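These notes are about the structure you will find just below.
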Amino acid sequence: MRPGARAQAAIEVLTDIEARKRPPADVLKEWGLSHRFAGSGDRAQIGDIVFGALRWKASSSFRMGMDDPRAWVLGALRWGFERTVESLEKDAYEETHAYSPLTEAERKALAEATLDGAPHHVRGDYPEWLDASFARVLGDERAAEGAALAAPAPLDLRVNRLKAKPETVLEDLLSSTQLKVREDGSPSAFITPWSPDGIRIPWQQGRTFPWAKEEAFVKGGFEVQDEGSQLAARLSGAKPGMQIADVCAGGGGKTLALAALMENKGQLYAYDVDSRRLSNCHERIERAGVRNCQVRTPKRDQDVLSDLHDLMDIVFIDAPCTGSGTWRRAPDSKWRLRPGALEKREQEQALALALGAPLVKPGGRLMYVTCSILPEENEDTITRFLAANPTFAPVNPTTLVSNAGLTGLLAHCHKAGSGLQMTPLATGTDGFFICGLQRSA
3 MRPGARAQAA
13 IEVLTDIEAR
23 KRPPADVLKE
33 WGLSHRFAGS
43 GDRAQIGDIV
53 FGALRWKASS
63 SFRMGMDDPR
73 AWVLGALRWG
83 FERTVESLEK
93 DAYEETHAYS
103 PLTEAERKAL
113 AEATLDGAPH
123 HVRGDYPEWL
133 DASFARVLGD
143 ERAAEGAALA
153 APAPLDLRVN
163 RLKAKPETVL
173 EDLLSSTQLK
183 VREDGSPSAF
193 ITPWSPDGIR
203 IPWQQGRTFP
213 WAKEEAFVKG
223 GFEVQDEGSQ
233 LAARLSGAKP
243 GMQIADVCAG
253 GGGKTLALAA
263 LMENKGQLYA
273 YDVDSRRLSN
283 CHERIERAGV
293 RNCQVRTPKR
303 DQDVLSDLHD
313 LMDIVFIDAP
323 CTGSGTWRRA
333 PDSKWRLRPG
343 ALEKREQEQA
353 LALALGAPLV
363 KPGGRLMYVT
373 CSILPEENED
383 TITRFLAANP
393 TFAPVNPTTL
403 VSNAGLTGLL
413 AHCHKAGSGL
423 QMTPLATGTD
433 GFFICGLQRS
443 A
C-alpha cells in the first residue's frame with residue numbers, strides 16, 4: 003500500500019471508532035481481517051497513524067480548523083510524523099484508494115497554522131476538564147508535559163537479575179536480526195538512564211520489536227516493564243530477607259521486580275482482590291525463577307491475608323487508577339476518561355490502602371504507587387489516608403531516593419504533596435506517583 007492509501011485507511015478506521023465507540027485495537031484488527039491485501043507492514047503503519055491521530059487530536063483540530071478523522075490524520079502526519087505539505091499533497095494523487103486531494107483551506111492550514119494562542123489543554127493534547135488538575139501538579143509546564151504524554155513511548159525491558167545481567171541481555175538484543183538498525187544511526191537499544199536493570203528500545207514508526215520471541219525472554223531473562231515502574235519497586239527499599247506483600251499484584255510485573263531485588267531471600271506475598279488479574283502470575287513467577295513468592299488468591303468466605311497482619315516490612319500498593327500516566331501507550335483512553343471514572347478510582351484507592359495498612363508491622367513501610375499524574379488520586383488520596391491513620395507518617399522523598407541509590411532522580415521529579423511525581427518530560431518514564439508511609443514503632 004502507498005502512503006495515501008494507508009492514510010485513507012486510517013481515516014476509515016477512525017470514522018468507525020467514532021461511530022461505534024469501539025476500542026481502536028479491535029477496529030484495526032477487524033479492518034485487517036477484511037482487507038487481506040494489506041501486509042503486516044501496512045497494518046503496522048496504519049495502526050501508528052490511527053493512534054497518532056488520537057495522540058494529537060486536540061492540537062490537530064485547532065490548527066486544521068476542523069474536528070474530524072480527516073483533520074486528525076492530516077494533522078498527525080504533518081506535525082506528529084513531520085511530513086511536508088508537498089508530500090501530503092502528492093500522496094492524494096498516487097492511487098485511487100488514497101484520500102481526496104487537499105482543499106485550499108487544508109493546504110493553507112498545513113502550511114501556516116500554529117498553536118499560537120491555543121490554551122494549555124490544546125497544546126498538551128489532553129481533555130479540557132482536566133486542566134485544573136494538570137495545573138495543580140505541573141503548573142505552567144502542563145502543556146509541555148501533556149505533549150510529552152502524547153508522544154509515542156519506547157519499549158522498556160527489565161532484566162531479571164535472578165537469571166541474567168543487563169549488559170549480557172543488551173548484547174544479545176543488539177545482535178538480534180529482529181532489532182533493526184535505526185535510520186538516523188542512533189542506538190537501537192541501550193541501558194535506561196535511571197534504572198540499572200532497564201533496557202530501552204526507542205519507538206520507530208511502523209516497526210515493532212517481537213520481544214516475546216527472544217530466547218532471553220523465553221528463559222526468564224527479562225520482562226517488559228516501563229522504567230518508572232522499575233523505579234517504583236526499587237524506591238520501596240525492598241531487600242533480601244524482608245517480608246513483603248504486594249496487595250494489588252495484578253499480572254505480577256512489580257511482584258517480579260520486588261522478588262529480584264530480594265534475591266529470592268525472605269518472603270513475598272502476591273494478592274489481588276480480582277483473582278482474574280492473577281491468572282498470568284504463576285506462569286511469570288515460574289519463568290522468572292522466583293522461589294520466595296506465595297500467590298494468595300481471594301476467597302469469598304475467608305480473609306486470606308489475616309495471618310500477615312502487623313508482620314510486613316513493606317506493603318506495596320500499586321493502586322487502581324485512571325492510568326493517565328500511561329497515555330502515551332494508550333492515547334485513546336484519555337479521551338474516554340470521565341469524572342465519574344476518576345471518582346470510582348479514588349474509592350478503590352481508599353479500599354486498597356485500608357486493605358494494606360493493617361499488614362504493615364510497627365516501624366514498617368507502606369508504599370503507595372499509581373501510574374497517574376492526577377493529584378486527586380495521588381496526594382489527595384494520601385492526605386485523606388493520613389488524616390484517618392495517625393500511626394502513619396510520610397517518608398521524606400530524599401530518604402527514598404537516597405536509600406535506593408537514585409539521588410539524582412529527585413531533582414527531575416515534580417513535588418506532589420508527600421510523594422514524587424515522575425513524568426515523560428521530567429524523567430523520561432511513564433507518569434508515576436510514588437509515596438512512602440512509615441508506621442510508627
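Counting from 3, one number per residue, gives the positions in the sequence shown under our numbering. All residues carry an ideal CB built from backbone N, CA and C; glycine is no exception. Computed from a predicted model, the values in this text were never measured in an experiment.
{"query": "Sufficient close CB pairs (3 or more, under 8 Å) joining the region 145-157 to the region 98-111", "result": "no"}
{"query": "Nearest-angstrom Cα separation, counted from L376 out to S135", "result": "6 Å"}
{"query": "R367 beta carbon less than 8 Å from that of G438", "result": "yes"}
{"query": "Spatial distance of D142 from D93 (CA atoms)", "result": "39 Å"}
{"query": "Cβ-based burial, F39 [other Cβ within 10 Å; buried from 16]", "result": "exposed"}
{"query": "3 or more residues per run - each beta strand (DSSP E) lying fully within the region 152-223", "result": "157-161, 200-203"}
{"query": "Identity of the residue in G43, C295, D248, G82 nearest K267 by Cα", "result": "C295"}
{"query": "Cβ pair count under 8 Å reaching 3, the region 178-194 against the region 75-89", "result": "no"}
{"query": "Nonlocal neighbours in the same chain, by C-beta distance under 8 Å from M264, ignoring five residues either side", "result": "A240, K241, P242, G243, M244, I246, L270, N294"}
{"query": "Segment contact, 8 Å Cβ cut-off, at least three pairs: the region 330-340 with the region 43-57", "result": "yes"}
{"query": "Three-state secondary structure assigned by DSSP to E99", "result": "Position check: residue 99 holds His in this sequence, whereas Glu was assumed. Looking at H99 - three-state DSSP - the assignment turns out to be coil, as it is neither helix nor strand."}
{"query": "Of the listed residues P322, D228, I384, nearest to T429 (C-alpha basis)", "result": "D228"}
{"query": "Anticipated Cβ contact below 8 Å, A166 with A218, distance rounded", "result": "6 Å"}
{"query": "Beta-carbon proximity of A321 to Q349, cut-off 8 Å", "result": "no"}
{"query": "When R45, G43, T116 are compared against G77, the one with the closest alpha-carbon", "result": "T116"}
{"query": "Member of P341, D315, L361, E379 whose CA lies at the smallest distance from the CA of V306", "result": "L361"}
{"query": "CA-to-CA distance, L258 to L164, given in whole angstroms", "result": "10 Å"}
{"query": "DSSP bridge partner residues for Y271 (one or two, in chain order)", "result": "A247, Q296"}
{"query": "Selected residue, minimal CA-CA separation from V139, among D18, R441, C415", "result": "C415"}
{"query": "Distance CB(C250)-CB(A354) smaller than 8 Å", "result": "yes"}
{"query": "Per-residue burial, K301 [other beta carbons within 10 Å of its own, 16 or more giving buried]", "result": "exposed"}
{"query": "Close beta carbons around E381, own chain, < 6 Å, minus the five adjacent residues each side", "result": "A418, G419"}
{"query": "Per-residue burial, N162 [other beta carbons within 10 Å of its own, 16 or more giving buried]", "result": "buried"}
{"query": "Residues sharing a beta bridge with D142, DSSP", "result": "Answer is none; D142 lacks a bridge partner."}
{"query": "At least 3 beta-carbon pairs within less than 8 Å: the region 65-75 vs the region 27-41", "result": "no"}
{"query": "Touching by the beta-carbon criterion (3+ pairs, under 8 Å), the region 396-410 and the region 118-128", "result": "no"}
{"query": "Rounded C-alpha distance that separates E14 from R24", "result": "13 Å"}
{"query": "Alpha-carbon to alpha-carbon, A413 and T2", "result": "As displayed, the chain neither begins before 3 nor continues past 443, which places residue 2 out of reach and without an answer."}
{"query": "6 Å Cβ shell around T328 - same chain, five flanking residues per side excluded", "result": "C373, D432"}
{"query": "Cβ separation of I287 and G253, assumed to be a contact under 8 Å, to the nearest whole Å", "result": "Not really, about 11 Å apart at Cβ, beyond 8 Å."}
{"query": "Spatial neighbours of S277 in its chain, beta-carbon cut-off 8 Å, leaving aside the 5 residues before and after", "result": "T299, P300"}
{"query": "Inter-residue spacing [alpha-carbon to alpha-carbon] between T194 and S231", "result": "12 Å"}
{"query": "Beta-ladder partner(s) of C1, from DSSP", "result": "With the chain represented from 3 up to 443, any question about residue 1 goes unanswered, as that position is not in the structure."}
{"query": "Beta-bridge partners of P399, as assigned by DSSP", "result": "The partner list for P399 (beta bridge, DSSP) is empty, contrary to what the question assumes."}
{"query": "Member of A60, P71, G67, S63 whose CA lies at the smallest distance from the CA of I51", "result": "P71"}
{"query": "Local Cβ density within 10 Å of K31, reported as buried at 16 or more and exposed below that", "result": "exposed"}
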